[in-house]
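A.B. asks: In terms of this note's numbering, the sequence shown opens at residue 2 and continues consecutively.
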Amino acid sequence: MLLTNVLIILYEEAYGLHATPNFTVVFLANLPWLVFPLVILLRMGLDERPFIHPVRQSDLQPSHSNPSAPVEVSQEATLSKVRRPNLPVQKSFADHYGPWALVAGASAGLGAEFAEQLAARGLNLVLVARRAGLLKTLAEGLSAKYGIVVRDIPQDLAESQAAERIAQATRDIEVGLLVYNAAFSAIGSFFQRSLDDHLLELSTNCRTPLALVHTLGQRMLARGRGGILLMSSLSARQGSPYIANYAATKAYNWILAEGLWEELRRQGVDVLVCCAGAISTPNYDASAPSRSSRLSGAASTPQTVVASALAGLGKGPEVVPGFGYRLSAFAMQHLLPRELAVRIMGNVLRGMYTA
Ligand SMILES: NC(=O)c1ccc[n+]([C@@H]2O[C@H](COP(=O)([O-])OP(=O)(O)OC[C@H]3O[C@@H](n4cnc5c(N)ncnc54)[C@H](OP(=O)(O)O)[C@@H]3O)[C@@H](O)[C@H]2O)c1
């Protein structure tokens, strides 16, 4: 808004009814108001959390020359640091979220990428999905490539006992990071999809992540460290026609994660929700949005989404990967009336899924 206002003022000064004879002076006087928003935009583009810096270990050390001398540290300063355990004190990723990470929905697409990038950070992995063959191949590949231990658990996450079985199968290891990535999306007109489909969305996208967060999260809490990452979607931030129930399930994950982030952040457990826009995964491509309105040109890659999500752990409650998606999320949520935002989603999704 600042940028727009200054540009309007400069235009008026250059070409308006009362144009200034000394445009250079006016321009220089307004320059800071041009540079400031541009710097802000640049930082937003370059960094997921442009205005927050993690606390470095050195920040917590006394800076006096004699380390044995007593230091006077104000109680307020000490408390402010002690009260923010979610800001990582430059511990390694594996120290904070290892030694094991569990990826629910790991056999393909984004989940397989989560597995790859977590393995690259040195974490052992528990991989869960239905397609046992894909899981085994992925597990063997990652174990050979990164020298980590990988456990594969073929499991349908829509089943009511899924979380309990996974909790049993991991009771002998320390799962320091839970990534719930699996989802079912019943795309299409609400009444053309069966009630069973909608209920399946609830079990896969809400019931099982809730149960896994509850069981594995308790173990993290007892250890005083860990991380929980739930995959949500930009479709969750307002009503989204043609994926109405899917979007509602994703809103559940968004709100759950946000609340838990605040509740657990003082106890060493970082909770994060990743609200992604379109991602070019096999599932997204197979959903065959109509060619004319297909968002594939704008779709993010799984690599960038996962990197962005993992980088966001411990820095705040949510991540929206991609500058363009962050801007559109901001506009949809804060600039447009909600009804208009829902109508825009309706037009986009109608074009994608009914044309
Ligand atoms: N793609 C996008 O454009 C996009 C946009 C925003 C948000 N997201 C979110 O990002 C996440 C991943 O998306 P994606 O496109 O990679 O999804 P996907 O291709 O459908 O992959 C999901 C993974 O979850 C597993 N899975 C699905 N249902 C399961 C079930 N009932 N039990 C066990 N595993 C199950 C799949 O493996 P099996 O089939 O082997 O079980 C697969 O490994 C989802 O949470 C989605 O909502 C995606």
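Glycine residues also receive a C-beta, built at the ideal position from the N, C-alpha and C atoms. All of these numbers come straight from a predicted model, not from anything done at the bench.
How about D157: is its Cβ closer than 7 Å to a heavy atom in ligand 1?
C.D. replies: The residue labelled residue 157 in the question sits at position 156 within the sequence shown. The answer is yes for D157.
A.B. asks: Can you give me the start and stop residues for the alpha helix (DSSP H) that G352 sits inside?
C.D. replies: Position 351 of the sequence shown, counting from 1, holds the residue named residue 352. Unbroken alpha helix (DSSP H) run through G352: 339-354.
A.B. asks: Within 7 Å: the Cβ of G112 and any heavy atom of ligand 1?
C.D. replies: Here residue 112 refers to the residue found at position 111 when the sequence shown is read from its first residue. Yes, since a heavy atom of ligand 1 falls inside the 7 Å radius drawn around the Cβ of G112.
A.B. asks: Could you tell me which of G325, P210, E14 sits nearest to V26, measuring between CA atoms?
C.D. replies: Along the sequence shown, read from residue 1 onward, the residue named residue 26 stands at position 25. Here the closest residue by C-alpha is E14.
A.B. asks: Going by Cα to Cα distance, which pick from A107, Y285, I154 is closest to S186?
C.D. replies: Along the sequence shown, read from residue 1 onward, the residue named residue 186 stands at position 185. Ranking the options by Cα distance to S186, first place goes to Y285.
A.B. asks: Compute the Euclidean distance between the alpha carbons of I174 and I149, then round it to the nearest angstrom.
C.D. replies: Numbered from its first residue, the sequence shown carries residue 174 at position 173. Numbered from its first residue, the sequence shown carries residue 149 at position 148. Looking at the two C-alpha atoms, the distance is approximately 14 Å.
A.B. asks: With a threshold of 7 Å (Cβ to nearest heavy atom), would L217 be considered close to ligand 1?
C.D. replies: Residue mapping note: residue 217 aligns to position 216 of the sequence shown, counting from 1. It does not: the Cβ of L217 is nowhere closer than 7 Å to a heavy atom of ligand 1.
A.B. asks: Taking contact to mean at least 3 C-beta pairs separated by less than 8 Å, is the segment 240-250 in contact with the segment 259-277?
C.D. replies: As far as the Cβ criterion goes, the segment 240-250 does not touch the segment 259-277, which means the pair count is below three.
A.B. asks: Taking 8 Å as the threshold (C-beta atoms), are I280 and A300 in contact?
C.D. replies: Here residue 300 refers to the residue found at position 299 of the sequence shown. Here residue 280 refers to the residue found at position 279 of the sequence shown. Going by C-beta atoms, A300 is nearer than 8 Å to I280.
A.B. asks: Who are the near neighbours of G228 in its chain, counting only those whose CB is closer than 6 Å to its CB and skipping five residues on each side?
C.D. replies: Locating residue 228 in the sequence shown gives position 227, where the first residue counts as 1. Answer for G228: Y98, L178, D271, L314, listed in chain order.
A.B. asks: Around the C-beta of K92, are 16 or more other C-beta atoms found within 10 angstroms, so that it is buried, or is it exposed?
C.D. replies: The residue labelled residue 92 in the question sits at position 91 within the sequence shown. With fewer than 16 other Cβ atoms within 10 Å, it is exposed.
A.B. asks: Sorry if obvious, but does the Cβ on I256 come closer than 7 Å to a heavy atom of ligand 1?
C.D. replies: Residue mapping note: residue 256 aligns to position 255 of the sequence shown, counting from 1. No; taking the cut-off as 7 Å, the Cβ of I256 has no heavy atom of ligand 1 nearer than that.
A.B. asks: Report whether the distance from the Cβ of Y285 to the nearest heavy atom of ligand 1 is below 7 Å.
C.D. replies: The count along the sequence shown starts at 1 and reaches residue 285 at position 284. Checking the Cβ of Y285 against ligand 1 gives yes.
A.B. asks: Once you ignore the five residues that flank G123 on each side, which residues in its own chain have a CB closer than 6 Å to its CB?
C.D. replies: Reading the sequence shown from its first residue, position 122 is the one you call residue 123. Excluding positions up to five away in sequence, the list reads A95.
A.B. asks: Is L61 buried or exposed, if buried means 16 or more other CB atoms sit within 10 Å of its CB?
C.D. replies: Here the question's residue 61 lines up with position 60 in the sequence shown. At L61 the pLDDT is 40, less than 50, meaning the model places this residue with poor confidence and gives no usable figure here.
A.B. asks: From I41 to L328, what distance separates their C-alpha atoms?
C.D. replies: Walking along the sequence shown from the start, residue 41 turns up at place 40. Walking along the sequence shown from the start, residue 328 turns up at place 327. So the alpha carbons of these two residues sit roughly 13 Å apart.
A.B. asks: For S190, does the three-state DSSP call read helix, strand or coil?
C.D. replies: In the sequence shown, the residue the question calls residue 190 occupies position 189. Looking at S190 - three-state DSSP - the assignment turns out to be coil, as it is neither helix nor strand.
A.B. asks: Do the segment 126-140 and the segment 197-210 touch if we need at least three Cβ pairs shorter than 8 Å?
C.D. replies: Contact between the segment 126-140 and the segment 197-210 is absent, because fewer than three Cβ pairs lie under 8 Å.
A.B. asks: Heavy atom of ligand 1 less than 7 Å from the Cβ of K251, yes or no?
C.D. replies: Here the question's residue 251 lines up with position 250 in the sequence shown. Yes; taking the cut-off as 7 Å, the Cβ of K251 has a heavy atom of ligand 1 nearer than that.
A.B. asks: Out of R131, N348, S144, which has the shortest C-alpha to C-alpha gap to I167?
C.D. replies: What you label residue 167 is simply residue 166 of the sequence shown in a count that begins at 1. Ranking R131, N348, S144 by Cα distance to I167 puts R131 first.
A.B. asks: From this set, G225, L143, R351, which residue's C-alpha is nearest N125's C-alpha?
C.D. replies: Taking the sequence shown and counting its residues from 1, the one referred to as residue 125 is at position 124. Ranking G225, L143, R351 by Cα distance to N125 puts L143 first.
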